[in-house]
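This report concerns only the one structure given below.
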Amino acid sequence: MPSPFLSDTWLEEAKAIRDKYAGQGGAVPHRIKMNQVITNVPFGDGDIQLHMDTSNGEMVMEKGHLADAEVTVTTDYDTAKAIFVDQNPQAGMQAFMQGKIKVQGDMTKLMALQAGAPDDVARKIAEEIKGITA
Numbered sequence: 008m009p010s011p012f013l014s015d016t017w018l019e020e021a022k023a024i025r026d027k028y029a030g031q032g033g034a035v036p037h038r039i040k041m042n043q044v045i046t047n048v049p050f051g052d053g054d055i056q057l058h059m060d061t062s063n064g065e066m067v068m069e070k071g072h073l074a075d076a077e078v079t080v081t082t083d084y085d086t087a088k089a090i091f092v093d094q095n096p097q098a099g100m101q102a103f104m105q106g107k108i109k110v111q112g113d114m115t116k117l118m119a120l121q122a123g124a125p126d127d128v129a130r131k132i133a134e135e136i137k138g139i140t141a
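Okay, structure coming up:
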């Protein structure tokens with residue numbers, strides 16, 4: 008049964024999918040430590056703080072913030088879902104231009120994530136994560 012994007016259940020299921028493919032894909036092309044604030048979440052307190060860390064060569068996404076993050080991105084729930092689940096870079100660019108995405112810190116690190124096509128394993132992970140999302 009699909010779970011709401013970023014719910015505790017969804018985060019656990021997404022981590023299990025990433026763990027299933029650990030070490031099978033190409034190395035993460037860009038190293039980044041990024042904090043994320045997702046606003047207007049339709050459950051809980053309305054905001055979620057997360058972090059994404061690729062500094063070990065694989066993508067780790069967990070609740071909470073890193074003390075040594077290079078960049079912090081704040082956006083609303085629908086935009087985050089379009090970027091992370093739907094893998095829609097145009098939605099991200101459009102939201103940025105509309106001021107729906109706020110960036111603090113090293114923007115070049117964030118922009119580097121946009122470069123390059125995902126490998127086959129990254130595509131499989133994205134498809135499986137899309138399948139668990141309500």
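The sequence shown lines up with residues 8 to 141 when you count with this note's numbering.
Note that CB positions come from ideal geometry on N, CA and C, so glycine has one too.
About 7 Å separates the beta carbons of threonine 81 and threonine 46, which is inside the 8 Å limit, making them a contact pair.
With contact defined as three or more Cβ pairs closer than 8 Å, the region 19–35 and the region 101–109 are not in contact. Scanning its chain for C-beta atoms nearer than 8 Å, with the 5 sequence neighbours on each side dropped, one finds around leucine 117 the residues Ile39, Met41, Val78, Val80 and Val110, in chain order.
In the structure shown, aspartate 93 adopts coil according to DSSP, grouped into three states.
Per DSSP, reduced to three states, the secondary structure at leucine 73 is coil, with no helix or strand assignment.
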